[in-house]
Structure formats: structure tokens, C-alpha cells
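Enquirer: Sharing a structure here in C-alpha cells format.
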Amino acid sequence: MTRSSLIAGPTPADAPARRPSGAAALAVALTLHTELWAPLVEYREESRWTSLIDPAAAAAVLDPSLHAELADAQIWLLSWLPGQGTDVHDHGSAAGAFAVARGTLTERVIAARVREAVHQSTTDLAAGRVRYFGAHYVHQVTNTLAEPAVSLHVYAPALRWMNTYRVERGALVRTGTERAGVDW
Ligand SMILES: [Fe+2]
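Every number in our numbering is 30 more than the matching position in the sequence shown, counting from 1.
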């Protein structure tokens, strides 16, 4: 490193502020408001259960500082019995976040790399944990433990489609596309 690069390089003060996205803030705040979602939760033996949450109902319990984030947000409430989970999937053009509200979910993240095998990591997310992501984020979420789980998912813009994948010989192979109004 040269002296000039030391002088001209970015300093901590120049770095942009790093903070969770608005969707993550919404998701975490909503998990704290059990009065909003707990009475709605159902569990289904045959598959995960999902329900949309009315943004107006969310606004009624959230701090006003988060109301602007609700403008284009779509909020899903999901329940997961032990063993229930998703395929490997992306979120189409949507960005967003999900927070675990009850129980623990195991997230497997698959990162595709140019001319390299995909990189995979798996993390257990207990209640209170949050993940936020942009487009092209590929993951699989499963309830691998013995207790039912509940999570809140915030998408902005709304989730319109999702591609599903399998990992084959170190590469992501698309297996299908699921569309809002058709597949969920
Ligand atoms: Fe997802």
C-alpha cells in the first residue's frame, strides 16, 4: 500500500451507514406485537400455513416511524410444523426480510459464484433472529426441530414469483417457477 492510498483511501467516517433494511425493521417489530399475529396462527399437517397480514392492522400496532416502510410492503405470516419447509428458492424481483417469531427455523443459503461451485451455509435461527435479502438471494428454510415455528416475512415490492432450484454437481439448476395467484 502506498502512502497516497493511505491518505486518499476511505475512512470509517466515509463508509455508508450499515443498518437493516426497512423490511427487516418491520419484520422484527412485528414479531414483538404478538397481539397482532398470535390469534391468527394456524397449523396444517399437510403443508406450511400462510396468511397475509393487512398493512392497516400492522400500522395500528407499529411505531409511526415505521409507517412509511409499510407503503409498498407485503406481510406474510407463516407457520411451520416440525419437518415442514420450502424448496430451494429465490424471491423473483422482491427484496425483503423474515424474522422468526416462535420456535427455530434452519436456513440454508446457497450463493452462486461465477465459474465456481456454489457456496452453501446453514444456520439455525431462533425466535428473534432476522434475515434480510435483496433479489437473487437463494435459500431453503426448514423447521428441523421438534417444536412448531412461526415467522413473519416482509417483501417490498410484493412477492410475485419465485424460482425453485436444486443443487446439482455444485451448480444451481432451476426446477420451476411459482407465481402469486396461481401457486400460492
Ligand atoms: Fe424465501
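Quick reminder that beta carbons are idealized off the backbone N, C-alpha and C, glycines included.
Quick caveat, the model's predicted, so the values are computed rather than measured.
Ends of the alpha helix (DSSP H) at W110?
Expert: Segment Q104 to W110 is the beta strand (DSSP E) holding W110; no alpha helix (DSSP H) there.
Enquirer: Near I83, what residues of its chain come up, given a Cβ to Cβ distance below 8 Å and the 5 sequence neighbours on each side ignored?
Expert: Cβ neighbours of I83 beyond the five flanking positions: L60, L66, W67, L70, I105, W106, L107 and L182.
Enquirer: Kindly examine ligand 1 and report whether one of its heavy atoms sits closer than 7 Å to the Cβ of V203.
Expert: The answer is no for V203.
Enquirer: Check whether the Cβ atoms of V184 and L56 lie closer than 8 Å to each other.
Expert: Against a cut-off of 8 Å, the Cβ pair of L56 and V184 comes out as a contact.
Enquirer: To the nearest angstrom, how far is it from the Cα of P94 to the Cα of P85?
Expert: Near 13 Å, if we compare the C-alpha coordinates of P85 and P94.
Enquirer: DSSP on E146, reduced to helix/strand/coil?
Expert: Three-state result, E146: strand.
Enquirer: Under DSSP, the beta strand (DSSP E) around V171 begins and ends at which residues?
Expert: Where V171 is concerned, the enclosing beta strand (DSSP E) stretches over H169 to T172.
Enquirer: Among the residues of its own chain, which have a CB less than 6 Å from the CB of E72, if the five just before and after it don't count?
Expert: Same-chain partners within the cutoff: W79.
Enquirer: Along the chain, where does the beta strand (DSSP E) containing W79 start, and where does it finish?
Expert: Start and end: W79 to I83.
Enquirer: Give me the Cβ distance between A201 and V160, rounded to the nearest whole Å; I'm assuming they're in contact under 8 Å.
Expert: Actually they are not in contact, since the Cβ atoms of A201 and V160 sit about 29 Å apart, beyond 8 Å.
Enquirer: According to DSSP, V160 sits in a beta bridge with which residue or residues?
Expert: According to DSSP, which records beta bridges pairwise, V160 is partnered with A129.
Enquirer: Check whether the Cβ of T194 sits closer than 7 Å to any heavy atom of ligand 1, and report yes or no.
Expert: Not under cutoff, so the answer is no.
Enquirer: Decide if W110 is buried, meaning its Cβ has at least 16 other Cβ atoms within 10 Å, or exposed.
Expert: Buried: at least 16 other Cβ atoms inside 10 Å.
Enquirer: By DSSP, does E99 sit in helix, in strand, or in coil?
Expert: E99 falls in the helix class under three-state DSSP.
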